[in-house]
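Colleague: Pasting a structure here, questions to come.
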Ligand code: ADP
Ligand code: ZN
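Residue numbers (my numbering): 728 to 1359.
The following block contains the structure:
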């Protein structure tokens, strides 16, 4: 299905050229040997004999050799002989009436040039005949500046949306792109502008490449894919040239999709770290930005990039007019995993008894690539045992193999851990729902994402510029709800709440020391934020408040946190049945949406609480005021 980009037509003229060149080569070699046929090498004694016999016609005497013409039957021939020390040579030649003269030695530069000239000629001919034709195929080893992008032939496109499962939202996001690629002119007529660049982000193996290919497949357009890491070569300038080449190629094949994998390899923030960036990477990134700015999406080219680290990308890349649409390709939930298994099970012979839903339940944390791997391994295992079809036992064994295997990049979660994570997240959610001033809960999930083992997603109803004391206090309680639930249900606490605790403590400190929200200390604001101290500027900065005040702040902070924890626990204890229901639901489905949470808590949702559409990039960043992502 992957076809190399073959654009060079078969070229019969080239083989004709080959023969002409070869002919010229042979002729010129021949003529170099002498004007009259090959040179005869004579022993010196033969030479002297021929002189005496009158067969030598002429002689050029150099320091090492004597060359000239001699009789050969009734024709003339060239001869050459190595000179020896011989005092009678000149008298003998004179006596035989041979025309002779001395000859300058050829300077070494001359002979060097002669030889190099030949080498050049050969190299040129070789390049012309064998290297150059392959350049267009992108196969030559000397082909630095050409992008190695692979073109997928639209007519042979096999991957479509039915091969991609478990990411319905991402597929939905692609619909208008597909419509556009199918008929760019319709959009042009209306003057509609589409995003030029779409950034797919998500954990490795969640199907970002697959999704991009499927978009090309659905739209039946050419698909160029390149990995950003191959733009970053050892030679400066090569990457930039490749980017240029890639875009030129795509333009010729428009409408088309250009897919750049591992975008973070070139797109990392510039000037990061001491000593500046990587020169080559920067050049390549600049070239990419130039190309991005240089084409209009109406030309029918859509750029797609993928990364698992959207947070490290250079902001220049994600600016409007560049990779300005961000689409999350999430790790699949249980339903998604079942669908992905179904996609891959189509390709092998499955036994009647196999229940993919059960398999999906037993593979939390698996991404699409893992699941594809499971089915493949199971098929191999079944074949090894000469079974007619894949059985449940094969799949179970395959799951274990994949779980232990080196290819698995995502993390494995044990049943016990899953229960703790579910309790923790349910704790956050219940507390949030029962707090008066909290943002609406959008969904709660125990699917790992980034460093978080699970998350409770809250979305504000509107942008806020001022936050009230009550809101911050509720935030504290919600943050501590995770740990409180662990304690209530397991009588044991885990390390998972570390991030919650440090954030809660930071909020509390800010309230007391900076926002003047402590009744005991009153409206004071002192500088406590140590991250503001710049190295080299203020290393020995003193606190601008007394030790006594510091102690008071500390005790207020600690009181505030303890108080909030107690509140969280109280809320959970008076909602224990609901907490348990939510935990069970989470263990069963892994993601529970707002509507269902409300049902569990018997809340009549007013329609205005419909949360805003997710802000795509914000979601992965740690932006507490907008989106609450809880580290388990
Ligand atoms: P990524 O680009 O996100 O790292 P890939 O698209 O390369 O992941 O996925 C690798 C393989 O895993 C795919 O070729 C496909 O077989 C399988 N796969 C991954 N995600 C899915 C999915 N959502 N649906 C079906 N198969 C998937
Ligand atoms: Zn938490």
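Glycine residues also receive a C-beta, built at the ideal position from the N, C-alpha and C atoms.
Measuring only the C-alpha atoms, how far is residue 1113 from residue 986?
Modeller: The residue labelled residue 1113 in the question sits at position 386 within the chain shown. The residue labelled residue 986 in the question sits at position 259 within the chain shown. Their backbone Cα atoms lie some 41 angstroms apart in a straight line.
Colleague: In whole angstroms, what separates the C-alpha of residue 919 from that of residue 907?
Modeller: As a first step, residue 919 is located in the chain shown; it is residue number 192 there, counting from the start. As a first step, residue 907 is located in the chain shown; it is residue number 180 there, counting from the start. Those two C-alpha atoms are separated by around 10 angstroms.
Colleague: Using the rule of at least 16 other Cβ atoms within 10 Å of the residue's Cβ for burial, across every protein chain shown, is residue 1155 buried or exposed?
Modeller: Sequence index remark: in the chain shown, residue 1155 carries index 428 (1-based). Flag for residue 1155 reads buried.
Colleague: Taking only heavy atoms of ligand 2 into account, decide whether any of them is closer than 8 angstroms to the Cβ of residue 1087.
Modeller: For the purposes of this step, residue 1087 is taken as the residue at position 360 of the chain shown. No, the beta carbon of residue 1087 sits no closer than 8 angstroms to any heavy atom of ligand 2.
Colleague: Could you pull out every unbroken beta strand (DSSP E) segment of at least 3 residues lying fully inside the segment 788 to 847, listed in chain order?
Modeller: If we require 3 residues or more, the beta strand (DSSP E) runs fully inside the segment 788 to 847 come out as 792 to 799, 802 to 809, 826 to 829.
Colleague: Excluding sequence positions up to five away, which residues of its chain have a Cβ less than 6 angstroms from the Cβ of residue 1096?
Modeller: Within the chain shown, residue 1096 is the residue found at index 369, counting from 1. Within the same chain, residue 1096 has close Cβ partners 932.
Colleague: Measure how close the beta-carbons of residue 1126 and residue 1090 come, nearest whole angstrom, since I'm counting them as under 8 angstroms.
Modeller: As a working note, residue 1126 is residue 399 in the chain shown. As a working note, residue 1090 is residue 363 in the chain shown. Going by Cβ atoms, the distance from residue 1126 to residue 1090 rounds to 6 angstroms, so yes, they are a contact pair.
Colleague: Alpha carbons only, please: which of 1317, 1310, 1316, 1315 is nearest the one belonging to residue 1328?
Modeller: One-based indexing of the chain shown puts residue 1328 at position 601. Residue 1328 has its Cα closest to that of 1310, out of 1317, 1310, 1316, 1315.
Colleague: Roughly how many angstroms separate the alpha carbons of residue 792 and residue 809, rounded to a whole number?
Modeller: Within the chain shown, the letter at position 65 stands for residue 792. Within the chain shown, the letter at position 82 stands for residue 809. Cα-Cα distance, rounded: 5 angstroms.
Colleague: Do residue 1209 and residue 1151 count as a contact pair if the criterion is CB distance below 9 angstroms?
Modeller: Indexing the chain shown from 1 puts residue 1151 at position 424. Indexing the chain shown from 1 puts residue 1209 at position 482. Yes.
Colleague: What is the residue span of the beta strand (DSSP E) that residue 919 lies within?
Modeller: Here residue 919 refers to the residue found at position 192 when the chain shown is read from its first residue. Note, residue 919: premise wrong, no beta strand (DSSP E); not H, not E.
Colleague: What is the rounded straight-line gap between the Cα of residue 1198 and the Cα of residue 1295?
Modeller: Taking the first residue of the chain shown as position 1, residue 1198 is located at position 471. Taking the first residue of the chain shown as position 1, residue 1295 is located at position 568. Each residue's alpha carbon lies about 14 angstroms from the other.
Colleague: At 4 residues or longer, and completely inside the segment 880 to 911: list those alpha helix (DSSP H) runs for me, N to C.
Modeller: You should have 895 to 900, 902 to 909.
Colleague: Can you round the beta-carbon distance between residue 786 and residue 795 to whole angstroms, since I take them to be within the 8 angstroms contact cut?
Modeller: The residue given as residue 786 occupies position 59 in the chain shown. The residue given as residue 795 occupies position 68 in the chain shown. Yes, residue 786 and residue 795 are in contact; Cβ-Cβ is about 4 angstroms, under 8 angstroms.
Colleague: DSSP state of residue 1163, grouped into three classes?
Modeller: Along the chain shown, read from residue 1 onward, the residue named residue 1163 stands at position 436. In the structure shown, residue 1163 sits in coil (DSSP, three-state: anything other than H, G, I, E or B).
Colleague: Taking C-alpha atoms, which residue in 977, 1143, 911, 788 lies nearest to residue 828?
Modeller: Your numbering for residue 828 matches position 101 in the chain shown. It is 788 whose Cα lies nearest to the Cα of residue 828.
Colleague: Any heavy atom of ligand 1 closer than 8 angstroms to the CB of residue 933?
Modeller: Counting from one through the chain shown, the residue named residue 933 turns up at place 206. The answer is yes for residue 933.
Colleague: Assign residue 1072 to buried or exposed, taking buried as 16 or more other Cβ atoms, counted over all protein chains shown, within 10 Å of its Cβ.
Modeller: Within the chain shown, residue 1072 is the residue found at index 345, counting from 1. Buried, since its Cβ has 16 or more Cβ neighbours within 10 Å.
Colleague: Just to confirm my understanding: we take residue 936, look at its own chain, exclude 5 residues before and 5 after, and list those with CB closer than 8 angstroms. What are they?
Modeller: Within the chain shown, numbered from 1, the residue matching residue 936 stands at position 209. Counting only Cβ-Cβ distances below 8 angstroms, and skipping sequence neighbours, we find 952, 986, 988, 1033.
Colleague: Return the Cβ separation of residue 1239 and residue 1283 in integer angstroms, given the expectation that the two are a contact with Cβ distance under 8 angstroms.
Modeller: Working through the chain shown from its first residue, we reach residue 1239 at position 512. Working through the chain shown from its first residue, we reach residue 1283 at position 556. The pair is a contact, with the Cβ atoms about 5 angstroms apart (cut-off 8 angstroms).
Colleague: Residue 1224: beta carbon under 8 angstroms from a heavy atom of ligand 2?
Modeller: By 1-based counting over the chain shown, the position of residue 1224 is 497. For ligand 2, at least one heavy atom lies less than 8 angstroms from the Cβ of residue 1224.
Colleague: What does residue 785 pair with, by DSSP beta-bridge criteria?
Modeller: Taking the chain shown and counting its residues from 1, the one referred to as residue 785 is at position 58. Paired residue(s): 826.
Colleague: Quick check on residue 953: does DSSP put it in helix, strand or coil?
Modeller: Here residue 953 refers to the residue found at position 226 of the chain shown. In this structure, residue 953 counts as strand in the three-state DSSP scheme.
Colleague: For the putative contact between residue 1175 and residue 1058, defined by C-beta atoms under 8 angstroms, what is the C-beta separation to the nearest angstrom?
Modeller: Within the chain shown, residue 1175 is the residue found at index 448, counting from 1. Within the chain shown, residue 1058 is the residue found at index 331, counting from 1. At roughly 7 angstroms, the Cβ-Cβ gap stays under 8 angstroms, so residue 1175 and residue 1058 are in contact.
Colleague: With burial defined as no fewer than 16 other Cβ atoms inside 10 Å of the residue's Cβ, what is the status of residue 797: buried or exposed?
Modeller: For the purposes of this step, residue 797 is identified with residue 70 of the chain shown, where counting begins at 1. Classification of residue 797: buried, given that the 10 Å Cβ count is 16 or more.
Colleague: With a Cβ-Cβ cutoff of 9 angstroms, do residue 1075 and residue 1117 count as a contact?
Modeller: Indexing the chain shown from 1 puts residue 1075 at position 348. Indexing the chain shown from 1 puts residue 1117 at position 390. A contact, by the Cβ cut-off of 9 angstroms.
Colleague: Measuring only the C-alpha atoms, how far is residue 1219 from residue 1226?
Modeller: To locate residue 1219, count along the chain shown from 1; it is residue 492. To locate residue 1226, count along the chain shown from 1; it is residue 499. Computed Cα separation, rounded: 17 angstroms.
Colleague: Give a yes or no on whether the C-beta atoms belonging to residue 1048 and residue 1008 are separated by under 9 angstroms.
Modeller: If you number the chain shown from 1, residue 1048 lands on position 321. If you number the chain shown from 1, residue 1008 lands on position 281. No, they are not a contact pair.
Colleague: Using only the alpha-carbon positions, how far apart do residue 868 and residue 1040 sit?
Modeller: As a first step, residue 868 must be located in the chain shown, where it is residue number 141. As a first step, residue 1040 must be located in the chain shown, where it is residue number 313. With a pLDDT of 40 at residue 868, under the threshold of 50, the modelled position of this residue cannot be trusted; read the value that follows with caution. Straight-line Cα distance between these residues: approximately 31 angstroms.
Colleague: Do you know offhand how far residue 968's Cα is from residue 946's?
Modeller: Here residue 968 refers to the residue found at position 241 of the chain shown. Here residue 946 refers to the residue found at position 219 of the chain shown. Taking the straight line from one Cα to the other gives about 29 angstroms.
Colleague: Going by DSSP, which residues form a beta bridge with residue 1033?
Modeller: Position 306 of the chain shown, counted from the first residue, corresponds to residue 1033. Residue 1033 is bridged to 927.
Colleague: Is any heavy atom of ligand 1 found at a distance shorter than 8 angstroms from the C-beta of residue 1175?
Modeller: Against the chain shown, residue 1175 aligns to sequence position 448. No; taking the cut-off as 8 angstroms, the Cβ of residue 1175 has no heavy atom of ligand 1 nearer than that.
Colleague: For residue 768, I'd like the list of residues in its chain whose CB is within less than 8 angstroms of its CB, leaving aside the five on either flank, ordered along the chain.
Modeller: What you label residue 768 is simply residue 41 of the chain shown in a count that begins at 1. The answer, listed in chain order, is 806, 807, 808.
Colleague: Candidates 958, 1029, 1313, 846: which alpha carbon is nearest residue 940's?
Modeller: By 1-based counting over the chain shown, the position of residue 940 is 213. Ranking 958, 1029, 1313, 846 by Cα distance to residue 940 puts 1029 first.
Colleague: Beta carbon of residue 891: closer than 8 angstroms to some heavy atom of ligand 1?
Modeller: On the chain shown, position 164 is the one that residue 891 refers to. Indeed, a heavy atom of ligand 1 lies less than 8 angstroms from the Cβ.
Colleague: Between 1166, 972, 1077, 1276, which has its C-alpha nearest residue 1447's C-alpha?
Modeller: This structure cannot settle anything about residue 1447, because the visible part of the chain is limited to 728 through 1359.
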